[in-house]
Amino acid sequence: MMRLFLVLALVWFVALPPSANAVLRPDELLEDPELEARARALGKELRCVVCQNQSIDDSNADLAQDFRRIVRERVLAGDSDAEIRQYMVDRYGEFVLLKPPVTAGTIVLWAGPFAVLLLGAGIAVTTMRHRQAAEAADLSPEERERLARLLDEPEARETPR
Amino acid sequence: MRRLLFIVPAIVFLVIAGFLAIGLTRDPAELPSALRDRPAPDFALPPLPGRDEEGFARAHLGGEPMLVNVFASWCVPCRIEHPLINRLAEDGVVVHGLNYKDEAAAARAWLDELGDNFTRVGHDLDGQAGIEWGVYGVPETYVVDADGRIVHRHVGPLRPEDVEQEIRPILESLQR
């Protein structure tokens, strides 16, 4: 019983999504739920440059809080999502976007995995074709004769172990 | 040709190892400034109360190469680098201070204690000007050229070798 409880507690703990609300203070939030939802969505895309691998919504660093404030100010001022992203990129570089945009510099990053996958698939297909071709090769007349002989002789079937 | 195929994994390994080896020598916390080679951002800061009458704004940049040092009294590494900043100013370099998210009294006391050779000090209480500059870690030191463009940014405390090998050579190249 105790064990079951522990397992359930563990499952609950692991399954619990990391909540951004733990970081956001109530007084930071916008009153309009629609605008707040936009600010939240943007906050998940923007990197906290101090903690680097957290979004500004996940981080309670001072700078992340400033970023959240700015995102909300911009949202209230009527900026589009793209304009807000650009505002941050202008000041902090593309690094501030957690999802790098597709540009000449990042194309390797985006296309690389697919290129490797294609390469692997190509290698797999050619090796399999080779193997099949080798297996499907017909027996020569001598081999056929030997096979027939082996199948006919019961002792030849049993001796080799 | 087929026999040489066994080398392929070794080559792949070397390429990846090479990339990773280069990656190890880089500091991921040090980001290049997005504003590099661009005009310094527009900002206008009030003066540090009790120190000056006038503040520090975009209009004060340019005319000659200069430094902008982002500092705060709560920032321990700033304390370490400050003597180097003072030395640069003594040597005739114009150094402006951007006092980042600091209390005026604490900042004044800090400057009284460690020496104050800043030409101008702007009081950036809410950190908005810092964001315009792309500040993410205090201290930061920017080199601005005579046209008011950001030429270089150093993140973190300046060490003597940073001043000698980085800041001074850049300033000298701008003097010419």
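Line order of the protein sequences matches chains A and B. Under the working numbering, the residue at position 148 of the first sequence is numbered 148, and the numbers go up by one with no gaps. Count along the second sequence from 1, add 161, and you get the number used in the working numbering. Where is the CB? At the ideal position from N, CA and C, for every residue including glycine.
Using a Cβ cut-off of 8 Å, pull out every chain B residue sitting near residue i, in sequence order please.
i	result
residue 27 of chain A	Going along chain B, no residue has its Cβ under 8 Å from residue 27 of chain A, so there is no contact; the nearest lies around 15 Å.
residue 89 of chain A	195
Helix or strand or just coil, what does DSSP make of residue i?
i	result
residue 66 of chain A	helix
residue 147 of chain A	helix
residue 260 of chain B	strand
residue 354 of chain B	Residue coverage of chain B in this structure runs from 162 to 337, which leaves residue 354 of chain B outside it and unanswerable.
residue 26 of chain A	helix
residue 316 of chain B	strand
residue 212 of chain B	coil
residue 279 of chain B	coil
residue 200 of chain B	strand
residue 47 of chain A	strand
residue 187 of chain B	coil
residue 333 of chain B	helix
residue 206 of chain B	strand
residue 255 of chain B	strand
residue 311 of chain B	strand
residue 97 of chain A	strand
residue 218 of chain B	strand
residue 20 of chain A	With a pLDDT of only 46 at residue 20 of chain A, under 50, the local geometry of the prediction cannot be trusted, and the value read off the model is given with reservation. Helix.
Along chain A, in chain order, which residues have C-beta atoms closer than 8 Å to that of residue i?
i	result
residue 192 of chain B	49, 92, 93 and 95
residue 189 of chain B	52
Between residue i and chain B, is the shortest Cβ-Cβ distance under 7 Å, so that the two count as touching?
i	result
residue 79 of chain A	no
residue 63 of chain A	yes
residue 66 of chain A	yes
residue 20 of chain A	Only weak support exists for where residue 20 of chain A lies, its pLDDT of 46 falling under 50; the coordinates are left without a value.
Counting C-beta neighbours from all protein chains within 10 Å, is the total for residue i 16 or more, i.e. buried, or is it exposed?
i	result
residue 325 of chain B	exposed
residue 301 of chain B	buried
residue 274 of chain B	exposed
residue 321 of chain B	exposed
residue 256 of chain B	buried
residue 334 of chain B	exposed
residue 66 of chain A	buried
residue 313 of chain B	buried
residue 44 of chain A	exposed
residue 110 of chain A	exposed
residue 53 of chain A	exposed
residue 174 of chain B	exposed
residue 58 of chain A	buried
residue 318 of chain B	buried
residue 4 of chain A	exposed
residue 227 of chain B	buried
residue 305 of chain B	buried
residue 232 of chain B	buried
residue 55 of chain A	buried
residue 78 of chain A	exposed
What residues from chain A crowd round residue i, counting only those whose CB sits closer than 9 Å?
i	result
residue 298 of chain B	49, 50 and 63
So is residue i in contact with chain A if we call contact Cβ pairs under 7 Å?
i	result
residue 177 of chain B	no
residue 283 of chain B	no
residue 171 of chain B	no
residue 220 of chain B	no
residue 295 of chain B	yes
residue 288 of chain B	yes
residue 321 of chain B	no
If the cut is a Cβ gap below 7 Å, which residues of chain B does residue i touch?
i	result
residue 70 of chain A	292
Output the boundary residues of the beta strand (DSSP E) element that contains residue i.
i	result
residue 167 of chain B	No beta strand (DSSP E) contains residue 167 of chain B, which DSSP labels as neither H nor E.
residue 283 of chain B	282 to 285
residue 304 of chain B	301 to 305
Within the continuous alpha helix (DSSP H) that includes residue i, where are the two ends?
i	result
residue 87 of chain A	81 to 92
residue 246 of chain B	237 to 251
residue 290 of chain B	289 to 294
Flag residue i as yes if its beta-carbon sits less than 7 Å from any beta-carbon of chain E, otherwise no.
i	result
residue 142 of chain A	The displayed structure is made up of protein chains A and B, and chain E is not among them.
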